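Q:
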Amino acid sequence: MMNTQVIFCLTLALFVSGAHMATISIKNNCPFTIWPGTLTGGGGAQLSTTGFELGSTQTRSIDVSAPWTGRFWARTQCSTASGRFTCQTADCGSGQVTCNGAGAAPPASLVEFTIAANNGQDFYDVSLVDGFNLPVSVTPQGGSGPTCITSSCSANVNSVCPSELAVKGSDGSTIACKSACAALNQPQYCCTGTFNTPQTCPPTNYSKIFKDQCPQAYSYAYDDQTSTFSCTGQVKCNCAGAAPPASLVEFTITANNGQDTYDLSLVDGFNLLVSVTPQGGSGPNCPTSSCSANVNSVCPSELAVKGRMGVQ
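Here the sequence shown stands for residues -21 to -1, 1 to 291, numbered as in mature numbering (1 follows the signal peptide of the UniProt record, and there is no 0).
Structure, rendered in structure tokens:
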């Protein structure tokens, strides 16, 4: 399972942290305040927060219990001037900073996750299927795989948004860009009716505008091939020990300033040089303890573990 950073203008980081938990860190790289929202899919329990304020350059992390499917987005130009909390883009309509199980009103740049249980394969994507309001990126940390890479929509799609898709702010500037489906409500843009398969619903001139600006993002419903990313694996052992041979460092740390003990152990064999240097303690047996020799160089053949190239 991965951990992730999500950045709006916005970055999300997904951290692989074990079989039952992931952490999603949300960073606001915009020069203005945003209000991220979260929504759990599939009828699952909502996260510990469903919406919050995030100032420029600020980061907030949220723990996610696996399995989990859901999405994140960022609301902009929010206020309580009407007596209710409302936003000019991606508003969830709750009347509060928290969205309480409500999703974003299009157009909204979305980040979608499927976090698997038991260190399975995690999936993530940036989606402009519901339109665009802010640049966003997702960076996985701690996972692996050929598509375990940063996925981003770093371009300002608003700057090239066709007038028929544009959402205007109070100053007349384009503050969001609708999808062609939302703006025109035609089956060829919504992939509905006789256009409800990948074969009958190809990219349109409108979806190509989004794709040209953000090649890694979903630009329409069937844009799967270049827009879905996944990670497997983890960096934590989750209470599992090392498979021998392994150079071990063992500690017993006591409470109330008692005596701490430490040792280097080759009882389970050797794989790497290792040393331990205490700092801040005292006593006749409080020195650096090290195994600085390469035991592999003198390892008897009957004990040796060979690598792919036949080297110990």
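A virtual CB, placed ideally from N, CA and C, is assigned to each residue, including glycine. This structure is a prediction, so every number in the text was calculated from the model and none was measured.
1. Span of the beta strand (DSSP E) holding proline 119?
2. Under the three-state reduction of DSSP, which class applies to aspartate 191: helix, strand or coil?
3. Which class does glycine 260 belong to by DSSP, given the choice of helix, strand or coil?
4. Do glycine 16 and arginine 54 have their C-beta atoms closer together than 8 Å?
5. Look up arginine 54 in the DSSP assignment and give the residues it is bridged to.
6. Excluding the 5 residues preceding and the 5 following arginine 287 in the sequence, name in chain order all residues of the same chain whose CB lies nearer than 7 Å to its CB.
7. Is DSSP giving serine 106 helix, strand or coil here?
8. Which same chain residues end up closer than 8 Å to valine 277 when comparing Cβ atoms and leaving out the 5 residues on each side of it in sequence?
9. Check glutamine 67 in the structure and name its three-state DSSP category.
10. According to DSSP, is valine 284 part of a helix, a strand, or is it coil?
11. Using the rule of at least 16 other Cβ atoms within 10 Å of the residue's Cβ for burial, across every protein chain shown, is glutamate 91 buried or exposed?
12. Is it the case that the Cβ atoms of cysteine 156 and cysteine 140 are separated by a distance below 8 Å?
13. Pairs of beta-carbons, one from the stretch 112 to 130 and one from the stretch 20 to 37, closer than 8 Å: are there three or more?
14. Once the 5 residues before and after alanine 69 are set aside, which same chain residues still bring their CB inside 6 Å of it?
15. According to DSSP, is leucine 163 helix, strand or coil?
16. Find the nearest neighbour of tryptophan 47 within the set Thr231, Gly99, Gln165, judged by alpha-carbon distance.
17. Measure from the alpha carbon of asparagine 135 to the alpha carbon of each residue in Ser4, Ala162, Ala1, Ser116, then state which is nearest.
18. Could you tell me the alpha carbon to alpha carbon distance between threonine 183 and aspartate 191, rounded to whole angstroms?
19. Between the Cα of cysteine -13 and those of Leu26, Gln25, Ser35, Ser4, spot the shortest distance and give me the residue it belongs to.
20. Which partner residues does glycine 148 have in the DSSP bridge list?
21. Is the beta carbon of valine 76 sitting closer than 8 Å to the one on glycine 30?
22. State the DSSP-derived secondary structure class of valine 274, mapped to helix, strand or coil.
23. Alpha carbon to alpha carbon, how far is asparagine 8 from alanine -9? Give it in angstroms, no decimals.
24. Name the DSSP beta bridge partners of glutamate 143, please?
25. Name the DSSP bridge partner or partners of glycine 49?
26. Locate the beta strand (DSSP E) running through serine 226, then write down its first and last residues.
27. Taking Cβ positions, are glutamine 195 and serine 106 nearer each other than 8 Å?
28. Give every residue of the same chain whose Cβ lies closer than 6 Å to the Cβ of serine 268, excluding the five residues on either side of it in the sequence, and list them in chain order.
29. Could you pull the DSSP bridge partners for glycine 248 from this structure?
A: So, from the data block:
1. Against the sequence shown, residue 119 aligns to sequence position 140. Run containing proline 119: 115 to 120, per the beta strand (DSSP E) assignment.
2. Against the sequence shown, residue 191 aligns to sequence position 212. Three-state DSSP puts aspartate 191 in a helix.
3. Within the sequence shown, the letter at position 281 stands for residue 260. Three-state DSSP puts glycine 260 in coil, outside helix and strand.
4. Translated into the one-based positions of the sequence shown, residue 16 becomes position 37. Translated into the one-based positions of the sequence shown, residue 54 becomes position 75. Contact flag set, yes.
5. By one-based count along the sequence shown, residue 54 stands at place 75. Arginine 54 pairs with Trp14.
6. Stepping through the sequence shown from its first residue, residue 287 is reached at position 308. Any reading at arginine 287 must be qualified, since the residue scores a pLDDT of 42, below 50, and its modelled position is unreliable; the value itself is stated next. Excluding residues within five positions, none has a Cβ falling inside 7 Å.
7. Indexing the sequence shown from 1 puts residue 106 at position 127. Serine 106: strand per DSSP, three-state reduction.
8. Counting from one through the sequence shown, the residue named residue 277 turns up at place 298. Same-chain partners within the cutoff: there are none.
9. Position 88 of the sequence shown holds residue 67. Three-state DSSP puts glutamine 67 in a strand.
10. Counting from 1 along the sequence shown, the entry for residue 284 is found at position 305. Three-state DSSP puts valine 284 in coil, outside helix and strand.
11. Here residue 91 is taken as the residue at index 112 of the sequence shown, counted from 1. It is buried - the Cβ of glutamate 91 has at least 16 other Cβ atoms within 10 Å.
12. Taking the first residue of the sequence shown as position 1, residue 156 is located at position 177. Taking the first residue of the sequence shown as position 1, residue 140 is located at position 161. Yes, they are a contact pair.
13. no
14. Looking up residue 69 in the sequence shown gives position 90. These residues qualify, in order along the chain: Trp52, Arg54, Ala83, Ala87, Asn112.
15. On the sequence shown, residue 163 is found 184 positions in, with the first residue counted as 1. The answer is helix: DSSP assigns leucine 163 an H, G or I state.
16. Counted from its first residue, the sequence shown places residue 47 at position 68. The candidate whose alpha carbon is nearest that of tryptophan 47 is Gly99.
17. Counted from its first residue, the sequence shown places residue 135 at position 156. When only C-alpha atoms are compared, the closest one is Ser116.
18. Here the question's residue 183 lines up with position 204 in the sequence shown. Here the question's residue 191 lines up with position 212 in the sequence shown. Taking the straight line joining both Cα atoms gives about 12 Å.
19. Residue numbering aside, residue -13 sits at position 9 when the sequence shown is read from its first letter. Ranking Leu26, Gln25, Ser35, Ser4 by Cα distance to cysteine -13 puts Ser35 first.
20. Translated into positions along the sequence shown, residue 148 becomes position 169. Paired residues: none, contrary to the question.
21. What you label residue 76 is simply residue 97 of the sequence shown in a count that begins at 1. What you label residue 30 is simply residue 51 of the sequence shown in a count that begins at 1. Contact flag set, yes.
22. Looking up residue 274 in the sequence shown gives position 295. Correct three-state label for valine 274: helix.
23. Here residue -9 is taken as the residue at index 13 of the sequence shown, counted from 1. Here residue 8 is taken as the residue at index 29 of the sequence shown, counted from 1. Rounded to the nearest angstrom, the two C-alpha atoms are 13 Å apart.
24. Indexing the sequence shown from 1 puts residue 143 at position 164. Beta-bridge pairing links glutamate 143 to no other residue.
25. Counting from one through the sequence shown, the residue named residue 49 turns up at place 70. In the DSSP output, where bridge partners are listed per residue, glycine 49 has Thr19, Phe92.
26. As a first step, residue 226 must be located in the sequence shown, where it is residue number 247. Taken as a continuous stretch (DSSP letters only), serine 226 belongs to no beta strand (DSSP E), as it is neither H nor E.
27. For the purposes of this step, residue 195 is identified with residue 216 of the sequence shown, where counting begins at 1. For the purposes of this step, residue 106 is identified with residue 127 of the sequence shown, where counting begins at 1. In this structure, serine 106 does not lie closer than 8 Å to glutamine 195 by Cβ.
28. Residue numbering aside, residue 268 sits at position 289 when the sequence shown is read from its first letter. The residues are Leu243, Val255.
29. Taking the sequence shown and counting its residues from 1, the one referred to as residue 248 is at position 269. Paired residue(s): none; glycine 248 is not in a bridge.
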